[in-house]
Amino acid sequence: MSTVDQIILLHDIDSKLFEINKLLGGLPTQVEELIQQEETLKNSLSEKENLLKTTTVDMQTSETLIATAEEKINTLKDKLTDGSISTNKEYDAMMDSIDYEKNLVSEKETELLMLMETKDTLSSGIEEDKANLETLIEDLSTKKKALESKLAEVSEEKNALDVEHANIVKGIDSNVLSQYDAIYEARNGVAVAAVLDNNCEACGAFVPAQLVNETLAKQVVFCGNCGRFLYKLVFEN
5 MSTVDQIILL
15 HDIDSKLFEI
25 NKLLGGLPTQ
35 VEELIQQEET
45 LKNSLSEKEN
55 LLKTTTVDMQ
65 TSETLIATAE
75 EKINTLKDKL
85 TDGSISTNKE
95 YDAMMDSIDY
105 EKNLVSEKET
115 ELLMLMETKD
125 TLSSGIEEDK
135 ANLETLIEDL
145 STKKKALESK
155 LAEVSEEKNA
165 LDVEHANIVK
175 GIDSNVLSQY
185 DAIYEARNGV
195 AVAAVLDNNC
205 EACGAFVPAQ
215 LVNETLAKQV
225 VFCGNCGRFL
235 YKLVFEN
């Protein structure tokens, strides 16, 4: 089979696959995008839940430190009044200890307030992510079912065409195949055109006699105007 005949056959297969993909619409892309969004949301939710656990532990630690410091303050204050302090030096040291514990309480209370705000923000974010994830999963399920239904209609034909496509491209020179792919993309899925009455069927441009003869000889020829592969149908009497 000549390269031109292979290109024509490949184009016919691609045209059929294009029609199948058009039937499927944007569902494959939509499903893939939703799957990626689902993964992103799940990761976000997991990160927030882990951070919430850490924040809760930090809050408990701060609460424990505050309670311990307040207990120390009360104990130290009791010593100030129970007669166990006999010198000014001991009194000053005791007051320094009380001030230290008070500063610690103030510091930890500030941290605790910040942790509480963080916890509230995380909790709200988690609830929002869960709601969004639930909606997304429902949407994904609906689109997956629609895609599976449409694929069931055309799967046998599509699979056969995919196999045929893979077999055809193996026999085409890589440079010619690259040219075909580029033209296919640039010309909205129409990469080949017949020569009819010395004109390109696709764009209507005149095709010189020499190029017509080359198409008859199954040589790789391109339209000088639109750049598509050209071929000439030969009708036998």
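For the sequence shown, the numbering used here puts the final residue at 241, and the numbers step up evenly by one. Just so you know, even glycine gets a beta-carbon here, dropped at the ideal spot from N, CA and C. Bear in mind that the values here come from a model prediction, so they are computed numbers and not experimental data.
Could you give the distance in angstroms between the alpha-carbon of residue i and the alpha-carbon of residue j?
i           : j           : result
residue 258 : residue 52  : Residue 258 lies beyond the stretch modelled for the chain, which goes from 5 to 241, so this question has no answer here.
residue 126 : residue 112 : 20 Å
residue 73  : residue 148 : 59 Å
residue 194 : residue 15  : 8 Å
residue 8   : residue 169 : 15 Å
residue 29  : residue 222 : 36 Å
residue 80  : residue 92  : 15 Å
residue 237 : residue 205 : 11 Å
residue 141 : residue 224 : 50 Å
residue 128 : residue 49  : 11 Å
residue 107 : residue 120 : 20 Å
residue 233 : residue 144 : 41 Å
residue 248 : residue 130 : The structure shown does not extend to residue 248, since the chain spans only 5 to 241, so no value can be given for it.
residue 57  : residue 117 : 16 Å
residue 156 : residue 167 : 17 Å
I need the DSSP call for residue i, collapsed to helix, strand or coil.
i           : result
residue 163 : helix
residue 202 : coil
residue 237 : coil
residue 224 : coil
residue 209 : coil
residue 8   : helix
residue 195 : coil
residue 92  : helix
residue 86  : coil
residue 171 : helix
residue 129 : helix
residue 242 : No answer is possible for residue 242: it lies beyond the span of the chain, which begins at 5 and ends at 241.
residue 229 : coil
residue 177 : coil
Thinking residue i and residue j are a contact (beta carbons under 8 Å), I'd like their distance in whole angstroms, please.
i           : j           : result
residue 115 : residue 77  : With a Cβ gap of about 18 Å, residue 115 and residue 77 do not count as contacting.
residue 187 : residue 231 : 6 Å
residue 180 : residue 199 : With a Cβ gap of about 19 Å, residue 180 and residue 199 do not count as contacting.
residue 69  : residue 133 : 31 Å between Cβ atoms; not a contact.
Go through its chain and collect everything with a Cβ distance to residue i's Cβ below 7 Å, but skip five positions before and after it.
i           : result
residue 12  : 196, 235
residue 83  : 89, 98
residue 165 : 17, 20, 21
residue 109 : 70, 73, 74
What does a CB cutoff of less than 6 Å around residue i pick up in its chain, not counting 5 residues either side in sequence?
i           : result
residue 151 : 31, 35
Looking only at its own chain, which residues have a Cβ that is under 8 Å from the Cβ of residue i, when we skip the five neighbours before and after it?
i           : result
residue 161 : 20, 24
Does the stretch 203-222 come close enough to the stretch 36-49 that 3 or more CB-CB pairs lie under 8 Å? Touching, no, given that fewer than three Cβ pairs across the two stretches are closer than 8 Å.
Inter-stretch contact (C-beta, 8 Å, three-pair minimum) for the stretch 160-179 and the stretch 55-65: Verdict: no, contact absent.
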